[in-house]
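Student:
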Amino acid sequence: MGSQGLSSYLDTNIVILLHSGNLSRLTRRAADQIEKSRLVVSAMVMLELEMLYEKGALNYQASAILSDLNLQIGLSVCQLPMAVVMASAIRVKWTREPGDRVIVANAIANNEAPLVTSDRRIHEAYPSAIW
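In the working numbering, the protein residues as written are 4 to 134.
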């Protein structure tokens with residue numbers, strides 16, 4: 004998984020699926036996108052993973068999940084400057100949910116990169132969403 008071609012972003016839900024090894028829940032289109040892309044996540048995904056761990060919904064801290072997936076599939080955290088991502092987030096008006104807003108904005112800020120997600124609201128609003 005995760006070749007060195009085009010960058011594709013992964014939403015928090017996809018990172019959780021990949022880390023749990025629950026690949027059968029991915030659609031063929033999502034799996035194909037993951038297979039052919041250089042995989043990145045918004046730093047917001049790190050925060051969401053850690054918050055899920057803190058409330059007991061995940062068994063592993065964000066750092067462990069991201070480290071494991073870096074070793075397994077080359078997943079990395081996007082290094083775009085926060086100011087660049089926030090400039091895109093300001094233009095995202097379809098949600099008041101900060102996590103979704105920043106994650107989508109991160110993909111937008113990177114040349115409207117694909118974002119692999121099962122979130123229907125994101126699909127309705129972001130044309131480069133893949134599921």
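C-beta atoms are modelled at their ideal positions from N, C-alpha and C, and glycine is treated no differently.
1. Relative to the alpha-carbon of residue 72, which residue among 132, 130, 15, 121 has its alpha-carbon at the smallest distance?
2. One question on the structure: do residue 46 and residue 80 come within less than 7 Å of each other, judged by their Cβ atoms?
3. For my contact list, residue 43 and residue 10 are in at a C-beta cut-off of 8 Å; report their separation, rounded to the angstrom.
4. Grab the span of the alpha helix (DSSP H) containing residue 66 for me, first residue to last.
5. Considering residue 56, what are the terminal residues of the alpha helix (DSSP H) in which it resides?
6. In terms of residue numbering, what span does the alpha helix (DSSP H) encompassing residue 20 cover?
7. Does the ligand ZN have even one heavy atom less than 6 Å from the beta-carbon of residue 116?
8. May I have the straight-line CA-CA distance separating residue 40 from residue 34, to the nearest angstrom?
Tutor: Based on what the coordinates show:
1. Here residue 72 refers to the residue found at position 69 when the sequence shown is read from its first residue. Of 132, 130, 15, 121, the residue nearest in Cα terms is 15.
2. Locating residue 46 in the sequence shown gives position 43, where the first residue counts as 1. Locating residue 80 in the sequence shown gives position 77, where the first residue counts as 1. Against a cut-off of 7 Å, the Cβ pair of residue 80 and residue 46 comes out as a contact.
3. Position 40 of the sequence shown, counted from the start, is the residue given in the question as residue 43. Position 7 of the sequence shown, counted from the start, is the residue given in the question as residue 10. With a Cβ gap of about 5 Å, residue 43 and residue 10 count as contacting.
4. As a position in the sequence shown, residue 66 is number 63, starting the count at 1. Looking at the DSSP string, the run of the alpha helix (DSSP H) that includes residue 66 is 65-76.
5. Looking up residue 56 in the sequence shown gives position 53. Its alpha helix (DSSP H) spans residues 46-57.
6. Here residue 20 corresponds to residue number 17 of the sequence shown, with the count starting at 1. From DSSP, the alpha helix (DSSP H) with residue 20 extends over 15-23.
7. Questions concerning the ligand ZN fall outside what the structure shown contains, since it holds no ligand whatsoever.
8. By 1-based counting over the sequence shown, the position of residue 40 is 37. By 1-based counting over the sequence shown, the position of residue 34 is 31. So the alpha carbons of these two residues sit roughly 10 Å apart.
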